[in-house]
Each structure stands twice: as C-alpha cells, then as structure tokens.
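Numbered per our numbering, the sequence shown spans residues -18 to 84. Don't be surprised by glycine CBs; every beta carbon is placed ideally from N, CA and C.
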Amino acid sequence: MEFQDKVLKCIDCGTNFVFTAGEQLFFHDKQFKNEPKRCKGCKTKRVAVLAPISQSGQGTNKVETRTVCSQCGKETTVPFRPTQGRPVFCRECFQQKRQMVSA
C-alpha cells in the first residue's frame, strides 16, 4: 500500500497540518483506525496538560509488593505483582543480571 501526504485540519486551533506518508505508514503498521485530529503544537499542549493528571496518581493503581529476592534472599519491594513460578530480584541483583546479559 502506497501512502501520500494528506492535509488535515486541527480540531483545536483550526490550522491545516500535513499527515505525512511516513506517519500514515506508522498508523497502518500499528493498526490505528483514526487519523490524527490535532497538529503537533496542539498535541504537545494537550500532553503537557494531561501528563500531570496521570502522574498525580488519579486513574492509576500503583502496586508495590513486598517479596524476597530469588537470588540473594534479601527482602525487597517491587512495583508489580510477582507471577508465581517466576524469579523476583532486588534492585542490586537485577542490575547485576542486566549487566551480565548486556556484556
């Protein structure tokens, strides 16, 4: 499928903006159904307004679980609910494991 640049109108400010062929390909690959509604400037403003709301904890249930590290046995807190049968590591052991894998 070949895409061509499209001119769209921003629903916030009413200015025209270009929905490039590359952006259309990205939307197609991600299986997005709708075209963008806002220009980059209005989208940036909207994200700046909405980000503090989501970071304040409203609408998100942050989970912290106390558990024991599978490697060193130290008690630790992790930001998720561990899945049964999968190892859980403290920060230090996790960093060591990450360094060993990347080396």
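Rounded distance between the beta-carbons of V69 and V59, thought under 8 Å: 6 Å
Residue(s) in a DSSP beta bridge with F0: K(-13)
Same chain only: Cβ atoms within 8 Å of D(-14), ignoring 5 sequence neighbours per side: V(-1), F0, T1 and A2
Alpha-carbon spacing of T46 relative to K55, whole angstroms: 14 Å
C-beta atoms of C(-9) and R19 nearer than 8 Å: yes
Length of the line joining the Cα atoms of E(-17) and K78: 44 Å
Inter-residue Cα distance where the pair is L(-11) and Q5: 12 Å
Selection from Q80, T57, C74 and S51 that minimises the alpha carbon distance to G66: S51
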